[in-house]
Each structure stands twice: as C-alpha cells, then as structure tokens.
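There are 2 protein chains.
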Amino acid sequence: MAESVSRTVYFVSESTGITAEAYGLSLLSQFADARFVKRYTPFINTREKAQALANELAHRAEAEGEKPIVFATMVDEEINAVIKHAECHYFELFERFMPELVEVVGQAPSHKSGVSHGVTNLENYEARIETINYALSNDDGMRLNKFHKADVILIGVSRSGKTPTCLYLALHFGMRAANYPITEEDFEKGDLPDELLEHKQKIFALTIEPERLAAIRELRRPDSDYASLRRCYKECQMAQDMFHRHSLTVLDSTTHSIEELASLIKKSL
Amino acid sequence: MAESVSRTVYFVSESTGITAEAYGLSLLSQFADARFVKRYTPFINTREKAQALANELAHRAEAEGEKPIVFATMVDEEINAVIKHAECHYFELFERFMPELVEVVGQAPSHKSGVSHGVTNLENYEARIETINYALSNDDGMRLNKFHKADVILIGVSRSGKTPTCLYLALHFGMRAANYPITEEDFEKGDLPDELLEHKQKIFALTIEPERLAAIRELRRPDSDYASLRRCYKECQMAQDMFHRHSLTVLDSTTHSIEELASLIKKSL
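These protein sequence lines map, in sequence, to chains A and B. The opening residue of the first sequence carries number 1 in this note's numbering; numbering runs sequentially from there. The opening residue of the second sequence carries number 270 in this note's numbering; numbering runs sequentially from there.
Structural data, given as structure tokens:
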C-alpha cells in the first residue's frame with residue numbers, strides 16, 4: 001500500500017461517539033506517516049441508521065478500492081451486528097474487552113448506551129455544570145475571598161495557560177479550579193497576596209518560557225509593552241522567584257499541553 | 270462475588286491517561302450495580318515507575334483478596350510488560366487492537382507515547398488554545414460583528430447551556446463557537462437581531478424546559494424575577510417562537526448533556 005494514499009476512518013457509536021473517537025485517535029496516532037480522512041457518525045441508535053451507515057461504508061469501499069476503518073462502541077448487539085458485517089475493518093471496543101471484564105466483575109452488563117456521556121444522574125450532571133461556572137466566575141482572580149471553595153488554584157503571569165487548564169479541569173475532571181493571575185501590584189510589592197498563600201497546599205504555579213509568552217501576548221496586543229520580550233523576561237523571572245520562595249508546586253506550560261497539565265494536577269492531589 | 274464489594278480500578282498510561290480513563294470508564298459504565306474505587310496513575314513512563322506501580326498492585330491484591338482491574342494504554346513494550354505481569358486483571362488497548370490495525374494500515378507503529386494529548390504540533394496546539402480564547406471572548410454575545418469568524422453560534426435564553434457547550438466544542442473539537450443570549454431587547458422587539466440572522470446556517474438554538482431553567486436560575490439569583498417560573502415560561506415560549514419563525518436548528522438541553530449537544534452539533538455541520 002502506498003504511504004501517500006489516505007484511508008477513510010469512521011468513528012461510530014449509538015451515543016456521542018466520544019469514547020470511540022478517543023481510543024480510535026489514540027491508536028491512529030501511532031501511524032505518523034499515514035493520512036486518515038476522519039468521519040464522525042454518532043447516534044447510530046436504530047437498525048435503520050445502522051443499515052444506512054452500512055450502505056455508505058459499502059459505497060465508500062467500492063469508490064476507494066479499500067474498506068474503511070471503523071472504530072466503534074456499540075452496546076446493542078443487533079445494531080452492532082449490522083456494522084460488523086458491513087464492508088469495513090471493524091474495531092469495536094465492547095466486544096473485545098467485555099467477555100473478559102464480565103468474568104472479572106462477576107456481573108452481567110446492562111447493554112445501555114449513552115451512560116458515560118449522557119445526563120444519567122441529574123445531580124452529578126448539575127454539579128459538573130456548576131464547576132464550569134465556578135471556573136468562569138473565578139477566572140482572573142477577581143475574588144480573592146472565594147479561594148476556600150476551590151479544589152485547586154492555578155497561578156501564573158498573564159497568558160501562561162491558567163484559564164484553558166482550569167476549564168479542562170472543570171469540564172473533564174469536574175474539579176473546582178480557580179485561577180489567580182499575578183498582578184502589577186504583586187510585582188511592585190514583590191510578593192503574592194497573603195489571602196492566596198493561605199491556600200498554599202492547593203496552589204499550582206504555571207511557568208512559561210519568556211519567548212513563548214511574548215509570542216502569545218503579541219497575538220493579543222501587537223507591539224505593546226505587555227508583549228515585549230523585556231517585560232516577559234522580567235515577569236517570568238519575578239514569578240519564578242515568588243514560586244521558589246514559597247516552595248510552590250511548579251508546572252511548565254511551555255512543554256506540557258493543557259491535558260498534560262490537568263493530568264499532572266489531578267495526579268498530585 | 271458479593272455485589273456490594275467494591276473493586277479497585279487503575280487507569281494507567283505513559284502519558285496523560287486520558288484515553289485509558291475514557292475507554293475504561295465507558296466499559297465500567299455497563300456495570301450499573303458494581304462499585305469501583307478509581308485510581309488514576311498517569312505518566313508511568315519509566316521501568317522504575319512501572320515497577321513501583323506493580324508493587325502497589327501486588328500489595329492491593331493481597332490486602333483486598335482480589336486483583337485490581339487495570340485499564341491501560343502503553344506503547345513501550347518493556348514498560349507494558351512490567352504492568353502486564355503484575356498482580357492485576359490487565360486490559361490494555363494497544364495490544365488488543367494494534368496487531369490487526371498494523372495489518373490494515375500497512376505501516377509500523379511509532380511506539381511514541383503522548384502523541385494524542387501532548388504538544389506534538391505547536392501550530393495546531395496554539396490554534397486550539399485560540400479557539401478556547403475565542404469561546405471566552407465571544408461569550409454572552411458582546412460582539413455581534415464577530416460572528417463571521419465563528420464555526421457555530423449557539424443561541425438561547427440565559428442559562429440554557431450555551432457557555433458550557435461552546436467551551437466543550439472549543440476544548441474537545443477545536444471549533445470556534447460563539448454564543449448569543451437572547452436579550453431583554455430582543456424579547457421586547459419580539460425578534461432576533463439581523464446581524465445574527467445573517468449567519469442562520471451556523472446557528473444552533475438551545476431550548477430548555479421552563480421548570481429546569483427556573484431551578485438553575487434560582488441557584489444563581491434566589492427569589493428573583495429572573496428565576497421565577499412565570500418569567501422562565503414566558504422567555505422559553507418567546508424564544509421557541511423565534512426559533513420556529515426562522516426555521517433554526519433546535520436542540521434540547523434538558524434531555525441532552527453538553528457532550529451530547531456538542532456531538533449533535535459537530536455531526537450536523
């Protein structure tokens with residue numbers, strides 16, 4: 001098979017398809033030189049929809065001369081059978097793991113779809129929405145007195161990655177994540193506020209390379225003092241000193257993605 | 270095995286563990302009556318860390334009289350072997366799918382970890398951060414003139430779920446999602462602004478049951494007119510009329526989670 005030919009990949013599920021996409025992309029990420037055209041087909045929750053998709057797969061297999069690759073999570077056996085027997089290379093999560101897992105857990109599976117990403121428990125769901133609102137309303141440290149309610153507090157200079165990481169912590173892990181940007185006043189005083197340092201055990205300090213910071217700030221306010229390399233160097237250095245003085249847990253947002261930062265934070269608690 | 274006994278489950282990865290957690294939770298969600306204690310151990314990226322985890326698993330197996338369940342994504346064969354041979358029920362993603370997928374793709378896997386959730390491509394990564402900032406800066410419709418840059422525009426009454434859904438679209442799917450809350454002025458005028466309706470093809474209108482809306486608003490502003498059932502009924506009715514009049518795509522946020530709403534939106538584009 002020529003390396004330059006792109007393969008069509010489908011992510012299929014009776015529900016959101018989030019799990020099918022997650023594990024499928026993870027497997028595909030191992031093929032750095034291959035090209036994949038991704039098609040996303042969630043909510044295949046009736047035999048009719050499954051049959052329509054099977055027809056599409058057959059059509060595509062014929063047009064492309066290669067059967068499409070399908071990553072799926074299907075809990076209904078009948079719907080699963082329709083896709084499984086269609087013209088595709090079928091990679092289905094439940095079939096491969098469930099028989100052994102049923103043995104280990106010692107219980108029969110429910111065969112209900114949409115349990116992991118639906119509104120199955122209204123109370124839990126609302127608590128999660130609340131953590132998102134918490135992250136938003138406690139963004140940019142407007143309310144120093146609200147930190148006692150936080151699970152974690154992210155601190156760092158402006159544009160060091162606090163907000164996206166807080167939102168990821170809230171959306172993905174349901175954590176109450178507040179954020180405190182080091183202010184002009186803190187730099188003048190040369191230290192962090194006492195109200196913040198009271199909560200030292202839940203603070204994670206983000207560092208970033210001054211060059212990267214300057215590039216990010218430049219997009220926001222071109223040609224400003226705020227985006228100048230000189231100012232970025234100075235802020236990063238002063239922030240680093242404060243983090244060190246208070247022995248705070250420091251994470252580098254230059255080399256870590258928001259998912260990695262969030263995972264490191266979750267792991268450290 | 271008694272149903273009330275809880276089993277210990279580990280999510281293990283050389284990188285963030287996000288994929289291991291996603292597919293593991295999806296499988297576990299099929300056992301409604303079982304109780305699981307979840308342990309999250311990302312960044313097991315050396316043989317030493319793997320050995321330490323293997324020791325922990327052995328210790329736990331002995332203490333609990335049951336081997337823990339492990340969901341893992343491991344691309345390094347040596348590190349994988351350490352956990353695989355530890356005292357656990359081992360469910361590993363790559364081993365189960367990779368041999369067949371390698372055949373289908375016709376290429377050797379890279380065995381690199383952290384590809385799917387790391388900063389592997391700085392340009393893509395920064396574009397993703399930019400979509401999050403876009404969602405935040407275009408939250409609550411402050412800038413009607415910015416809608417031409419949006420991939421999608423979510424509209425609905427205050428607290429109908431627009432913001433969390435926009436953030437999920439940005440964080441998870443990298444989409445530029447703007448949001449427009451129907452304003453007091455729109456209700457008085459009885460219609461949506463023309464600047465918004467110009468972008469009709471990318472509008473998704475969120476509906477919500479008035480009772481649910483009132484409960485959500487009550488948490489925000491207790492005993493207010495804003496949270497009253499009367500006002501919620503009226504706003505929902507008027508919004509529904511506007512959506513219908515302009516034949517907008519309508520999604521119900523009462524019965525759909527933010528993941529489901531985001532998946533439905535992605536699918537419809």
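All C-beta atoms in this analysis are idealised placements derived from N, C-alpha and C, irrespective of residue type, glycine included. Given the structure is predicted, the values throughout are model-derived calculations rather than measurements.
Interface residues of chain A facing residue i [CB-CB closer than 7 Å]
i	result
Ala301 of chain B	Ser110
Ile338 of chain B	Val104
His358 of chain B	Val104
Test: residue i CB closer than 7 Å to a CB of chain A
i	result
Tyr265 of chain B	In this structure chain B extends from 270 to 538, so residue 265 of chain B is not present and cannot be described.
Glu528 of chain B	yes
Leu362 of chain B	yes
Phe280 of chain B	no
Ala271 of chain B	Low per-residue confidence applies at Ala271 of chain B: pLDDT is 44, beneath 50, and the placement is therefore not dependable enough to give any value.
Val373 of chain B	yes
Arg320 of chain B	Note that residue 320 of chain B corresponds to Gln in the displayed sequence, not to Arg. For Gln320 of chain B, the answer is no, since every Cβ of chain A falls outside 7 Å of its Cβ.
Ser298 of chain B	yes
Arg486 of chain B	no
Glu283 of chain B	no
Residue i at chain B interface by Cβ criterion, 7 Å
i	result
Pro222 of chain A	no
Ile83 of chain A	no
His148 of chain A	no
Phe187 of chain A	no
Ile129 of chain A	yes
Val157 of chain A	no
Ser6 of chain A	no
Arg96 of chain A	yes
Glu211 of chain A	no
When the options are compared against residue i, the one with the closest alpha-carbon
i	options	result
Gln237 of chain A	A:Leu122, A:Tyr40, A:Glu48, A:Gly190	A:Gly190
Thr254 of chain A	A:Cys232, A:Leu213, A:Gln240	A:Leu213
Cys501 of chain B	B:His513, B:Glu478, B:His515	B:Glu478
Ile274 of chain A	A:Ser113, A:Ala127, A:Ala178, A:Lys149	Chain A is shown from 1 up to 269; residue 274 of chain A falls before or after that span and cannot be answered.
Cys88 of chain A	A:Ser137, A:Ala205, A:Glu218, A:Thr8	A:Thr8
Ile203 of chain A	A:His246, A:Thr19, A:Ala52, A:Gly106	A:His246
Leu326 of chain B	B:Glu395, B:Ile338, B:Thr315, B:Leu391	B:Ile338
Ser26 of chain A	B:Ala291, B:Leu438, B:Arg489	B:Ala291
Gln470 of chain B	B:Pro450, B:His380, B:Phe456, B:Ile424	B:Ile424
Ile422 of chain B	B:Ala396, B:Phe360, B:Ile451	B:Ile451
Ser13 of chain A	A:Ile83, A:Lys146, A:Phe36, A:Ser6	A:Ile83
Thr16 of chain A	A:Leu219, A:Ser6, A:Ile44	A:Ile44
Val306 of chain B	B:Val388, B:Tyr279, B:Thr434, B:Ser406	B:Tyr279
Val371 of chain B	A:Phe91, A:His111, A:Pro109, A:Val104	A:Phe91
Met175 of chain A	A:Leu93, A:Asp194, A:Lys267	A:Lys267
Phe456 of chain B	B:Ala439, B:Ala396, B:Ala508	B:Ala508
Leu53 of chain A	A:His85, A:Val75, A:Gly24, A:Asp76	A:His85
Phe340 of chain B	A:Leu219, A:Glu100, A:Phe71, A:Glu48	A:Glu100
His525 of chain B	B:Pro433, B:Phe416, B:Thr342	B:Pro433
Chain-ordered neighbours of residue i on chain A, where CB pairs are closer than 9 Å
i	result
Thr432 of chain B	Ile132, Asn133, Leu136
Gln470 of chain B	By Cβ distance, chain A contributes nothing, its closest Cβ being about 19 Å from Gln470 of chain B, past 9 Å.
Val421 of chain B	Result: empty, since nearest Cβ-Cβ is about 15 Å, beyond 9 Å.
Leu370 of chain B	Leu27, Leu28, Gln30, Phe31, Ile69, His89, Phe91
Neighbouring residues, chain B, relative to residue i (Cβ below 9 Å)
i	result
Ile265 of chain A	Here the premise fails: no neighbours, minimum Cβ distance about 11 Å.
Phe204 of chain A	In chain order: nothing, as chain B lies at least about 15 Å away.
Proximal chain B residues relative to residue i, where beta-carbon distance stays under 7 Å
i	result
His117 of chain A	Ser526, Glu528, Glu529
Pro42 of chain A	Ser532, Lys536
Gly17 of chain A	Ser532
Tyr125 of chain A	Ser526
Neighbouring residues, chain B, relative to residue i (Cβ below 8 Å)
i	result
Leu75 of chain A	The amino acid occupying residue 75 of chain A in the given sequence is Val; Leu does not appear at that position. Result: Gln299.
Per-residue contacts from residue i into chain A (C-beta, under 8 Å)
i	result
Tyr437 of chain B	Leu171
Met444 of chain B	Within 8 Å Cβ-Cβ: nothing; Met444 of chain B doesn't reach chain A, min ~12 Å.
The ligand FMN heavy atom lying under 6 Å from the CB of residue i
i	result
Val281 of chain B	No copy of the ligand FMN appears in this structure; indeed no ligand is present at all.
Complete runs of the beta strand (DSSP E) confined to the stretch 295 to 350 of chain B [at least 3 residues]: DSSP runs (the beta strand (DSSP E)) wholly in the stretch 295 to 350 of chain B: 304 to 310, 338 to 342.
Whole beta strand (DSSP E) elements within the stretch 193 to 266 of chain A, 3-residue minimum: The qualifying runs are 203 to 207, 249 to 252.
Interface residues of the stretch 227 to 253 of chain A facing chain E [CB-CB below 8 Å]: No chain E appears in this structure, whose protein chains are A and B.
At least three beta-carbon pairs within less than 8 Å, the stretch 398 to 405 of chain B to the stretch 285 to 305 of chain B: Output reads no: the stretch 285 to 305 of chain B does not touch the stretch 398 to 405 of chain B.
Contact the stretch 203 to 217 of chain A vs the stretch 227 to 242 of chain A: 3+ CB pairs below 8 Å: Inter-segment contact for the stretch 203 to 217 of chain A and the stretch 227 to 242 of chain A is present: three or more beta-carbon pairs are separated by less than 8 Å.
Segment contact, 8 Å Cβ cut-off, at least three pairs: the stretch 254 to 263 of chain A with the stretch 57 to 66 of chain A: Touching, no, given that fewer than three Cβ pairs across the two stretches are closer than 8 Å.
Continuous alpha helix (DSSP H) assignments of at least 4 residues falling wholly in the stretch 388 to 447 of chain B: If we require 4 residues or more, the alpha helix (DSSP H) runs fully inside the stretch 388 to 447 of chain B come out as 391 to 406, 431 to 442.
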